[in-house]
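Data first, discussion second: the structure below is written as structure tokens.
Residue numbers (this note's numbering), protein chains in the order written: chain F, 240 to 828; chain L, 240 to 828.
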């Protein structure tokens, strides 16, 4: 296992991109004298820099800036670190008219000595590290311009943010730009609209998507699969209200810690305060407490596809990825310390089964453990040791190769260690999807107990476990991953039957009926359109199978099948129905 | 079809019960001189009267009062109507010390002449009608005492309410009392607790039940069945957010009309007001408007099991029957006027299919039409005529006998006529469950349109349709209807396998596995308990089948089956599995 401290690859990329950001600022200040530069960090897959400029930048300005960056790079100036006294640094930036740096130095930094980085004429306030010299930057590209507020506060001045990407080699860059080229076509918001999967309507409020019939079909397939699989694996599914008294979240500590991202409470005339829940844990703990539990009841695995509400700023909402209400595949496992290892293994295996079936392959495991030198933890040393060991051994137990695990020392939350599945989507954006987390805090806060074999009352271990992620997030992922061409079992329409002429509609209906009996989702396209039009439409709808039927097919009881990828075959109707039913039952990709 | 104006049976019962209420007040004033009587109406299945008394009545007082009622009845005094001048009536009640009647006459009644009813010494302010004489009251019983505020206002004085029931014959009374005797055992709150179906926990807030694993299983079976059946019948299922901007409900008129029973809005810092929806209609209309609709798209049947929020007073909340959040089987059909009849028939047939399968048999249809003499209606005469005719003809069309329909002239809402299924539960309490309602208001308010065959824009007809009712209400009904002994397909556990001795556990596991493969919900009871204990426990859990297995069964590959109602049989394991799978697939009762 690797520790986050030596995950060189990501760090090296960050250094490269951070250096490219400096290069960008150097170019902009050369091209636009008087330009003020604010901050310019590396970000996922690239970098940006925020500028305060007299003129408004457009896409057309990017090429000249990029050219200038290349020109500077060709001169290969060094990235020189200069430890500077704070007052001197302020003086330097004041002379340069760089007000934002002056403000940062005056308001945010208290160190007596601060690091500056110089690259030719350009100087920046920066901790580094950087590449040795600009010549190392061989593969970068500026991508777009956007507005951004200074310090992300809309009461401040609006700056112009220039985004770029940088990679170790031109090949890497090309590959990424190719991906970006597909981004527009793969974009789940666009496909969601085109394929009529979901709808964003201002009248419901932003971040509250409406699932249209086709999208609802996908959700239904996913949700039933999840629930059935969890039931088969010994989970107890429950349905709990999406609200609770605010007091419950005061007791659990959620209100204190997270109220900024919670919805404002609903206040009734009689003083009642109800809160739309930010997470399902407290409700599942009430299920646990619905009767006196004994060691014989454990492990108790309480599961739900539960609706959660989070207050995301409207500027941060995006399609199905960032929403204000979402349905989480969630479970809370209550067990004894002895059962912990087995429960973690079970949760990881379920996660891997879900991901494998869906075709989620690009992910790594992040194991967050506590910083032993710090003391800000809930729970005893013994409990932490048991939990961390259980998590580590579970990863080994299911045969995860070391290079797929990143260990974050000191990255655990105060209430327990965890494993996250860090998934990269079709656009190489990383997000946390599945998670297995031990919690020492909540059982204590709500006083969970069980009667142990010796008759004493003990506190169960609690594991938060998301094996699928949120339905919204994962659907967005799948839309982009498959560019809307879902595996058959998830396709809203699985077969379109196209009669060659009007006289073949009758046989097309028989085909429809036969496929329906095999529980397939099928549609006869009996519009008064030319056959070519129908084939194109079915193709654009990403329907996995098109069954063309004419006189010959009717006579022989067959269908002429076009699959995606243009595979064609003539098949017996029964055989076709059975083959598809099997493909669906096995959830093949 | 009968009109509500001549629904004699209910009226006759009301007259009988109203007369019994007078008899009760007569008895109380004789027994407790100085007793003041407030109001005493007939109610469902009985009557009550509110008294202001110096002493507190207990259950022990009911028998003496009832005896006195019988004594008065045996003297057979007439119910004599006396038209009296208002001032004179006030004088009469003032002399009797009947302050509540005086207040009613002074504050609520403006008529110059008011009707009084005299029964022996007793006199009441009352519109009647009544029975001719008290001797007609042959079958009544007092049931309980409760507190009640004068004019239902808690700021007023608390009175003592005596409840009773009255029926035409002693046989009717006995039958009803028998039902009442079972009430406690059938009560869904009690069974919900005992069978661990759902949980009411103050920490979530009243009226927000938590569905425990067993109850969730029932819901899941019901919900999947509903969705699959609706999909097969051409409905488009959607999933829409449970919130919308308050403005949407201002536009639809819901906020203006219903804000008292809506949740208070959630107010965000940036001025956003979100409202937990009281109904699904507006969201389904947004689905309709998600693209330009043409006549070819119609009928469009938008369906959802949608969560709704209603602010019910905390005193009115009860188990699953009256809650603050519930899931409604809801659909909105958008169609042309020509399609209306067929759509109503379809909706009624679906309702009847659901009710028949669930064993809901005691209901009648209430057809609410407009009062033609009034003008307070939205929509044209033509539209109303079409809609009312479509509703009437649909009832005829599906072969509903006339005596199962009650027509309510002038009972329609301002926005359209409707048919309600008036269902009586196991305790003979009537409630509105399914409904088919035409709406002329909302399509106009949100400007719904479709492109007609001639290219013009037209307004679709909108039908609100609930074919199942709310999941919560119907589950409460089913719990009481079946006293918790659900049909096999709905039973949380369908088979308990009981090994005779420890050595038979292995075969019991094989039985379990075989039944699981047939998708049955099965549990092996391998506790260290005596067999008799296990049988009793399974019986109390209302498990439909108990499979006892010992050496003989293991050897022969059989199971010894005890079904509810004590039917016993020895069956081949495979045959048993197949028989049960079929029973479940056919949703037999």
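Even for Gly, the Cβ is constructed at its ideal location relative to N, Cα and C.
- Closest by C-alpha distance to residue 572/L, out of 384/L, 564/L, 587/L and 560/L, is 587/L.
- For residue 795/L, no CB of chain F lies under 8 Å from its own CB, so it is not counted at the interface with that chain.
- As DSSP reads the structure, residue 375/F sits in no beta bridge.
- By the neighbour-count criterion, in which 16 or more other beta carbons inside 10 Å mark a residue as buried, residue 348/F falls on the exposed side.
- Residue burial annotation: residue 340/F is buried, with at least 16 other C-beta atoms found within 10 angstroms of its C-beta.
- The C-alpha of residue 451/F is placed about 40 Å away from the C-alpha of residue 638/F.
- The way I'd put it, the segment 646 to 660 of chain L does touch the segment 602 to 620 of chain L; three or more beta-carbon pairs between them come closer than 8 Å.
- Taking C-alpha positions only, residue 313/F is separated from residue 378/F by approximately 12 Å.
- Residue 761/L is a Cβ neighbour of residue 755/L, given a cutoff of 8 Å.
- Nearest C-alpha to residue 501/F among 547/F, 471/F and 462/F: 547/F.
- DSSP, read as helix, strand or coil, puts residue 334/L in helix.
- If you compare the alpha carbons of 801/F, 334/F and 359/F with that of residue 773/F, the shortest gap goes to 801/F.
- Chain F places a beta carbon closer than 8 Å to that of residue 477/L, counting this residue as a contact.
- Each residue's CA atom was taken as its position, placing residue 293/F and residue 257/F some 25 Å apart.
- Counting along the chain, residue 424/F sits inside the alpha helix (DSSP H) bounded by residues 409 to 425.
- Annotated three-state conformation of residue 348/F is coil, per DSSP.
- Inter-segment contact for the segment 444 to 460 of chain L and the segment 518 to 526 of chain L is absent: fewer than three beta-carbon pairs are separated by less than 8 Å.
- Taking residue 515/L as the centre and dropping the five residues before and after it, the same chain places the C-beta of 481, 482, 502 and 548 closer than 7 Å to its C-beta, in chain order.
- Here residue 547/F is bridged, per DSSP, to 565/F.
- For residue 781/L, no alpha helix (DSSP H) run applies, since DSSP gives it neither H nor E.
- Closest by C-alpha distance to residue 333/L, out of 316/L, 273/L, 506/L and 367/L, is 273/L.
- When secondary structure is reduced to three states using DSSP, residue 734/L falls in the strand class.
- The beta carbon of residue 425/F is closer than 6 Å to those of 665, 719 and 722 in its chain, skipping five residues each way along the sequence.
- In the DSSP assignment, residue 484/F falls within the unbroken beta strand (DSSP E) covering 482 to 484.
- Straight-line spacing of the CA atoms in residue 724/F and residue 814/F works out to 23 Å.
- Counting only the Cα atoms, residue 776/F lies some 15 Å from residue 739/F.
- Flagged as an interface residue toward chain L: residue 529/F, by a C-beta distance shorter than 8 Å.
- Residue-level contact by beta carbon holds for residue 522/L and chain F, with a gap shorter than 8 Å.
- Residue 784/L and residue 412/L have their alpha carbons spaced roughly 36 Å apart.
- CA-to-CA, the gap between residue 694/L and residue 806/F works out to about 41 Å.
- Shortest Cα-Cα distance from residue 403/F to any of 393/F, 415/F and 397/F involves 415/F.
- Contact check for residue 689/F against residue 644/F fails: the beta carbons are separated by 8 Å or more.
- Closest in alpha carbon position to residue 428/L, among 418/L, 440/L and 338/L, is 440/L.
- Put simply, the CB of residue 624/L is far from chain F, with every gap to its CB atoms at 8 Å or more.
- Counting other Cβ atoms within 10 Å of its Cβ, residue 743/F reaches 16 or more and is therefore classed as buried.
- Flagged as an interface residue toward chain F: residue 564/L, by a C-beta distance shorter than 8 Å.
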